[in-house]
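Engineer: Can you read through this structure? Questions will come right after.
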Amino acid sequence: MKKIIFTILCLLPFVVMAQDKFEISGNLSKTISDKIVVLSYKNSSGKDKNDTAAINNGKFKFKGETAFGNRSYLSLVSQKKDVQHSGQPDYQAFYLEKGKYRVVGTDSIATAKITGTQAQTDFLVYTSLMDTMQAHYRVLANRYLKARSAKDQAAMKQVQVEGKPLGMRMNATLDAFIFSHPDSYVTLDLVATEKAAVIDPKVFDPYYKSLSKRVMSSFTGQKLAARYQKAMQLSIGKTLDFTQTDDKGNEFKLSSLRGKYVLVDLWASWCAPCRAENPNLLKAYNTLKDRKFEIVGISLDETKAAWLKAVAQDKMPWAQVSDLKGFKNEVAVKFGITAIPQNVLIDPQGMIIGKNLRGEDLTEQLSALIK
1 MKKIIFTILC LLPFVVMAQD KFEISGNLSK TISDKIVVLS YKNSSGKDKN
51 DTAAINNGKF KFKGETAFGN RSYLSLVSQK KDVQHSGQPD YQAFYLEKGK
101 YRVVGTDSIA TAKITGTQAQ TDFLVYTSLM DTMQAHYRVL ANRYLKARSA
151 KDQAAMKQVQ VEGKPLGMRM NATLDAFIFS HPDSYVTLDL VATEKAAVID
201 PKVFDPYYKS LSKRVMSSFT GQKLAARYQK AMQLSIGKTL DFTQTDDKGN
251 EFKLSSLRGK YVLVDLWASW CAPCRAENPN LLKAYNTLKD RKFEIVGISL
301 DETKAAWLKA VAQDKMPWAQ VSDLKGFKNE VAVKFGITAI PQNVLIDPQG
351 MIIGKNLRGE DLTEQLSALI K
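Okay, here's the thing in structure tokens:
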């Protein structure tokens, strides 16, 4: 009996792997010479992998193993090393999971139709909903860049006016898809890429908690869960402390400011939104500094010269710290910070009482929290 159980247990991993096999069959109707198809995907261990397939009489095929459902890519590339690359790369994104796929086209992967499993069907549904709006967005983006290059403020403002309702429609469409497809690997990716730049439980939890256990068990789901747990350490009600080197080379400990309200601001010299927010921070600091209020800036710069130049240019008189590791800053890594600007307000006991307070009314927001 024990031998039978042992044999079954030994076979289980192979059974699981067999369930994750995929097969892709392609047919490009026009004759294509000197080109191969490249498949970029995650293997069954979650590692990035590239496979290639020759095209014979317009047909090509891939077989392999993956795990879960992951965004993958098919590309049509030249085999000639001396070919001068011009124009747009010929590729298409799709969702690869266990199962069979069909790729049907003429002489291009970018314009081919890729069909197969449920994840890919979900992806096609989502892209059909967004394609027209994304095309409109690209037109507006190009207009804005041209207007900015010409320093045409009126044209820039007009693009912003036109873009606002479009952005609202795109966000509404994105949200509708997320909440109507909670068990989709496509939805998981959308939450991870479009909703998790700043993880604020009040805003993020409805998206995060809607995801099924099945998709959360995937490689992407596990990474998102780890980021979520880190971000929860910066939730309102948590106590915050850290130690970093200040701009004068001395060790600075946040808890040295116990007894004061402290706005901890994560920023960088290269971050345009951060720099745009600094005048609001300066106004709040000058207004509230006599009410036991301080600001501590944590720079995600990598060079001291750029960091200190920005401090001087923006006339920031408050404490500044950094370990000059960019987004690998120890505080950023500990709390899962992947986008800036971000800030938290702590009370005199070191407890977080506010998050991501910004804007022209920053002083008023802070005044409401400072007793």
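The numbering of the sequence shown is our numbering, which starts it at 1 and goes up by one.
Here a beta-carbon is modelled for each residue, glycine too, at the ideal position from N, C-alpha and C.
The structure displayed is predicted, hence computed values, not measured ones.
Classify F94: buried if its beta carbon has 16 or more other beta carbons within 10 angstroms, exposed otherwise.
Structural biologist: The residue in question, F94, is buried, as its Cβ has 16 or more Cβ neighbours within 10 Å.
Engineer: Given D314, which residues of its chain have a CB within under 7 Å of its CB, disregarding the five upstream and five downstream residues?
Structural biologist: Taken in chain order, the residues that qualify are R275 and N278.
Engineer: For M351, list the residues DSSP reports as bridge partners.
Structural biologist: M351 is bridged to T239.
Engineer: Using 8 Å as the Cβ pair cut-off and three pairs as the minimum, do the region 184-202 and the region 227-240 touch?
Structural biologist: The region 184-202, when compared against the region 227-240, does touch it at the 8 Å Cβ threshold.
Engineer: How do the region 173-181 and the region 153-161 stand: do at least 3 beta-carbon pairs fall below 8 Å, yes or no?
Structural biologist: No, they do not touch.
Engineer: Could you tell me the distance, in whole angstroms, from the CA atom of M316 to the CA atom of H181?
Structural biologist: If I take the Cα positions, the gap works out to 46 Å.
Engineer: Determine the extent of the alpha helix (DSSP H) in which K21 is found, giving its start and end residues.
Structural biologist: Where K21 is concerned, there is no enclosing alpha helix (DSSP H), although the beta strand (DSSP E) it sits in stretches over K21 to L28.
Engineer: Where are the beta strand (DSSP E) runs, 3 residues long or more, that stay fully inside the region 246-281, in chain order?
Structural biologist: The qualifying runs are 251-253 and 261-267.
Engineer: Say whether the region 230-244 touches the region 321-337, bearing in mind that this needs 3 or more beta-carbon pairs closer than 8 Å, one atom from each stretch.
Structural biologist: In short, these stretches touch, since the Cβ pair count reaches three.
Engineer: Put G64 into one of helix, strand or coil per three-state DSSP.
Structural biologist: Looking at G64 - three-state DSSP - the assignment turns out to be strand.
Engineer: What first and last residue would you give for the alpha helix (DSSP H) that runs through F204?
Structural biologist: Per DSSP, F204 belongs to the alpha helix (DSSP H) from P201 to Y208.
Engineer: Using the C-alpha atoms, what's the distance from S217 back to I8?
Structural biologist: At I8, the pLDDT of 39 sits below 50, so the modelled position is not reliable and the matter cannot be decided from this model.
Engineer: May I have the straight-line CA-CA distance separating E65 from K30, to the nearest angstrom?
Structural biologist: Between E65 and K30, the C-alpha separation is close to 29 Å.
Engineer: Note down the Cα distance separating A210 from C271, rounded to an integer number of angstroms.
Structural biologist: In the sequence as displayed, the identity of residue 210 is Ser instead of Ala. Going from the Cα of S210 to the Cα of C271 covers about 32 Å.
Engineer: Between the C-alpha atoms of W267 and R358, what's the straight-line distance to the nearest angstrom?
Structural biologist: Taking the straight line from one Cα to the other gives about 13 Å.
Engineer: Name the residue from G326, T303, K309 and A284 whose alpha carbon lies nearest to the alpha carbon of T345.
Structural biologist: The residue you asked about is not Thr; residue 345 is Leu in the sequence shown. Residue A284 is the option with its Cα nearest to L345.
Engineer: What are the boundary residues of the alpha helix (DSSP H) that includes T187?
Structural biologist: Taken as a continuous stretch (DSSP letters only), the alpha helix (DSSP H) holding T187 covers Y185 to L190.
Engineer: Taking its Cβ as the centre, do 16 or more other Cβ atoms sit within 10 Å of F6, making it buried, or is it exposed?
Structural biologist: Because the pLDDT of F6 is 40, which lies under 50, any placement of that residue in the model is unreliable, and the number read from its coordinates should be weighed accordingly. The residue is exposed, with fewer than 16 neighbouring Cβ atoms inside 10 Å.
Engineer: Measuring only the C-alpha atoms, how far is N343 from N356?
Structural biologist: Between N343 and N356, the C-alpha separation is close to 5 Å.
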